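2 protein chains.
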Amino acid sequence: MKLDKKGLLIVMSGPSGVGKGTVRKSLFERTDHDMVFSVSMTTRAPRAGEVDGVDYYFVSKEEFEKRIQEGKFLEYAKFIDNYYGTPLDIVQEKLDAGEEVVLEIEVQGAMQVRKKCPDAVFIFIAPPSMKSLYDRLLLRGTESADVIKARYDKACKEVVMADFYDYIVVNDTVENAADKILAIVRAEHAKLARCIDGYNEIIKDRKAK
Amino acid sequence: MKLDKKGLLIVMSGPSGVGKGTVRKSLFERTDHDMVFSVSMTTRAPRAGEVDGVDYYFVSKEEFEKRIQEGKFLEYAKFIDNYYGTPLDIVQEKLDAGEEVVLEIEVQGAMQVRKKCPDAVFIFIAPPSMKSLYDRLLLRGTESADVIKARYDKACKEVVMADFYDYIVVNDTVENAADKILAIVRAEHAKLARCIDGYNEIIKDRKAK
Numbered sequence: 067m068k069l070d071k072k073g074l075l076i077v078m079s080g081p082s083g084v085g086k087g088t089v090r091k092s093l094f095e096r097t098d099h100d101m102v103f104s105v106s107m108t109t110r111a112p113r114a115g116e117v118d119g120v121d122y123y124f125v126s127k128e129e130f131e132k133r134i135q136e137g138k139f140l141e142y143a144k145f146i147d148n149y150y151g152t153p154l155d156i157v158q159e160k161l162d163a164g165e166e167v168v169l170e171i172e173v174q175g176a177m178q179v180r181k182k183c184p185d186a187v188f189i190f191i192a193p194p195s196m197k198s199l200y201d202r203l204l205l206r207g208t209e210s211a212d213v214i215k216a217r218y219d220k221a222c223k224e225v226v227m228a229d230f231y232d233y234i235v236v237n238d239t240v241e242n243a244a245d246k247i248l249a250i251v252r253a254e255h256a257k258l259a260r261c262i263d264g265y266n267e268i269i270k271d272r273k274a275k
Numbered sequence: 067m068k069l070d071k072k073g074l075l076i077v078m079s080g081p082s083g084v085g086k087g088t089v090r091k092s093l094f095e096r097t098d099h100d101m102v103f104s105v106s107m108t109t110r111a112p113r114a115g116e117v118d119g120v121d122y123y124f125v126s127k128e129e130f131e132k133r134i135q136e137g138k139f140l141e142y143a144k145f146i147d148n149y150y151g152t153p154l155d156i157v158q159e160k161l162d163a164g165e166e167v168v169l170e171i172e173v174q175g176a177m178q179v180r181k182k183c184p185d186a187v188f189i190f191i192a193p194p195s196m197k198s199l200y201d202r203l204l205l206r207g208t209e210s211a212d213v214i215k216a217r218y219d220k221a222c223k224e225v226v227m228a229d230f231y232d233y234i235v236v237n238d239t240v241e242n243a244a245d246k247i248l249a250i251v252r253a254e255h256a257k258l259a260r261c262i263d264g265y266n267e268i269i270k271d272r273k274a275k
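Residue numbers (the working numbering), protein chains in the order written: chain A, 67 to 275; chain B, 67 to 275.
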């Protein structure tokens, strides 16, 4: 029985290399929840096999910039020559329909969402150690030592942003991290502020007996 | 991996007849948690089969009143001629040892704990409907209509106390309620305020790389 009928906006974020994508993937392979993943919008060209509305919403640069001016992004960023963002209207529609919407975004984006949606749940995915974070960045590819150092420096700056989140979930194993996220979502729905209205409905006929 | 090394004090409460005891029993039949139950102290005589330190700590009236004066109760109440209370020192020892301590107490007692332990987690067990609460009070025994009415009136007053809790968990099924309590405990440990110290330990060597 659900006292809280509204959908939750769940913002999953964390430093580069922490494995946010892997945790998110594991979460969506499970069937014991009703969460949906928020598809990002981008101006970059679709790659082979990518489907519009599934992998990304693919739009033109003009359309993206028009949406920015209309305030239609929860968050957005420009990487090299392309924009990436979370469409506010689409997320809002899903929340209104009672869906749980998961965003998996960079820490800079999460800070933008914090300002627009203080009611969202902010989960920081943390590495079990700085060494493990460094090792993951090393394992990622065949980049030069300089590139890896730059990424690690970036991750070191992101790692201290945990302070601005509601929860810290250590990605020690992907299973553990996904379990904790599910527990957080369940617990958030049971929070007083989210369910007091539904509860007051239940008890309003108490004088009738 | 646990960032939060301290034990949680979990206060389970709710109106008379809501089934707190059944939920607590179900919780302690499960093995997927480390919670321990806080044994109450009482001045009433042990019944056949009751074991000191397991069912209750049985003490004399003098000892109980001495402990009250020394501030050694998290909460206590007097019913008819007997005292019942939660010994503060024993709970504190368990929390310090990192144990999760569950109190299952009346709403009046929970309000006392709120004042002494603002850091505890307060869970209100709610009925799925007022009718179900009334029916449970009816089913309890062979009491007269007057006694049942008095109990229901008391429950109606307790039901509005949910406002003072952190979470509301509906006892629609005992399994669901126990599941939600476990989720709340997991989520509470992941809360920023509870795990930021442990997290700062992890990231303090970030300059070393």
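Positions of the beta carbon are idealized from the N, C-alpha and C atoms, including for glycine.
Given the structure is predicted, the values throughout are model-derived calculations rather than measurements.
Spatial neighbours of residue i in its chain, beta-carbon cut-off 6 Å, leaving aside the 5 residues before and after
| i | result |
| --- | --- |
| B:E165 | G73, V102 |
| B:V77 | L169, A176, V179, A186, F188 |
| A:S92 | V240, A244 |
| A:C183 | L75 |
N-terminal and C-terminal residue of the alpha helix (DSSP H) that residue i is part of
| i | result |
| --- | --- |
| B:G264 | 258-269 |
| A:M177 | 173-182 |
| A:S195 | From DSSP, A:S195 is part of no alpha helix (DSSP H); its letter is neither H nor E. |
| A:S92 | 86-95 |
Proximity of residue i and residue j at Cβ, strictly below 8 Å
| i | j | result |
| --- | --- | --- |
| A:F130 | A:L154 | no |
| A:I268 | B:S82 | no |
| A:N237 | A:A192 | yes |
| A:Y142 | A:T109 | no |
| B:R272 | A:V225 | yes |
| A:R202 | A:G87 | no |
| B:E172 | B:S79 | yes |
| A:Y265 | A:I250 | no |
| B:Y122 | B:E116 | yes |
Rounded straight-line distance, which links the Cα of residue j to that of residue i
| i | j | result |
| --- | --- | --- |
| B:K246 | B:F124 | 33 Å |
| A:A221 | B:I262 | 18 Å |
| A:V235 | B:A256 | 6 Å |
| B:V105 | B:V157 | 9 Å |
| A:R217 | A:L75 | 28 Å |
| B:I146 | A:F94 | 55 Å |
| A:V167 | A:R206 | 28 Å |
| B:G151 | B:M107 | 5 Å |
| A:L258 | B:A228 | 8 Å |
| A:D197 | B:K270 | Residue 197 of chain A is actually Lys in this sequence, not Asp. Answer to the nearest angstrom: the Cα atoms are 11 Å apart. |
| A:V89 | A:D100 | 16 Å |
| A:R252 | B:Y231 | 17 Å |
| A:D98 | B:G119 | 40 Å |
| B:R113 | B:D212 | 28 Å |
| A:A163 | A:K68 | 14 Å |
| A:K223 | B:K223 | 52 Å |
| A:F190 | B:G137 | 40 Å |
| A:L161 | A:D219 | 36 Å |
| A:K181 | B:K181 | 33 Å |
Own chain residues within Cβ distance below 8 Å of residue i, not counting five before or after
| i | result |
| --- | --- |
| B:R96 | A244, L248 |
| B:S126 | T109 |
| A:S210 | none |
| B:A111 | F124 |
Cβ shell of residue i (< 7 Å), same chain only, five flanking positions each side left out
| i | result |
| --- | --- |
| A:R260 | D70, E254 |
| A:Q174 | A143 |
| B:I214 | L203, L204 |
| A:I134 | Y142 |
| A:L199 | P81, G83, V84, P193, A221 |
| A:K64 | Examination of residue 64 of chain A is not possible in this model, given that chain A is present from 67 through 275 alone. |
Range covered by the beta strand (DSSP E) that runs through residue i
| i | result |
| --- | --- |
| A:T152 | 148-153 |
| B:S104 | It is not in any beta strand (DSSP E) - B:S104 carries neither H nor E in the DSSP assignment. |
| B:I189 | 187-192 |
| B:E170 | 166-170 |
| B:V125 | First-last for B:V125: undefined, no H or E at that position. |
| B:G218 | It is worth fixing the name first, because residue 218 of chain B is Tyr in this sequence and not Gly. Element bounds for B:Y218: not the beta strand (DSSP E) but the alpha helix (DSSP H), 211-225. |
| B:Y231 | First-last for B:Y231: undefined, no H or E at that position. |
| B:E136 | Taken as a continuous stretch (DSSP letters only), B:E136 belongs to no beta strand (DSSP E), as it is neither H nor E. |
| A:M67 | Where A:M67 is concerned, there is no enclosing beta strand (DSSP E), given that its DSSP letter is neither H nor E. |
| B:V77 | 75-79 |
C-beta neighbour in chain C for residue i, strict 8 Å
| i | result |
| --- | --- |
| A:S126 | In the structure shown, chain C cannot be found, because the protein chains are A and B. |
Any non-hydrogen atom of the ligand NAD within 7 Å of residue i CB
| i | result |
| --- | --- |
| A:V187 | This structure simply doesn't include the ligand NAD, nor any ligand for that matter. |
Taking a Cβ distance cut-off of 7 Å, strictly less, list which residues of the segment 202-216 of chain B are near chain A, in chain order. none
If contact means a Cβ-Cβ distance below 8 Å, which residues of the segment 257-268 of chain B contact chain A? So the close ones are K257, L258, C261, I262, Y265, I268.
Closer than 9 Å between beta carbons: that is the criterion. Which residues of the segment 112-139 of chain B meet it against chain A? none
Please name the residues in the segment 171-187 of chain A whose beta-carbon is closer than 7 Å to at least one beta-carbon of chain B, in chain order. none
Please list, in chain order, the residues of the segment 151-173 of chain A that have any C-beta partner in chain B closer than 7 Å. none
The segment 230-249 of chain A: positions lying closer than 7 Å to chain B by Cβ: The segment 230-249 of chain A vs chain B, Cβ under 7 Å: Y231, D232, Y233, I234, V235, V236, D238, K246, A249.
Anything in the segment 87-111 of chain A with a Cβ closer than 7 Å to a Cβ of chain B? List those residues in chain order, please. none
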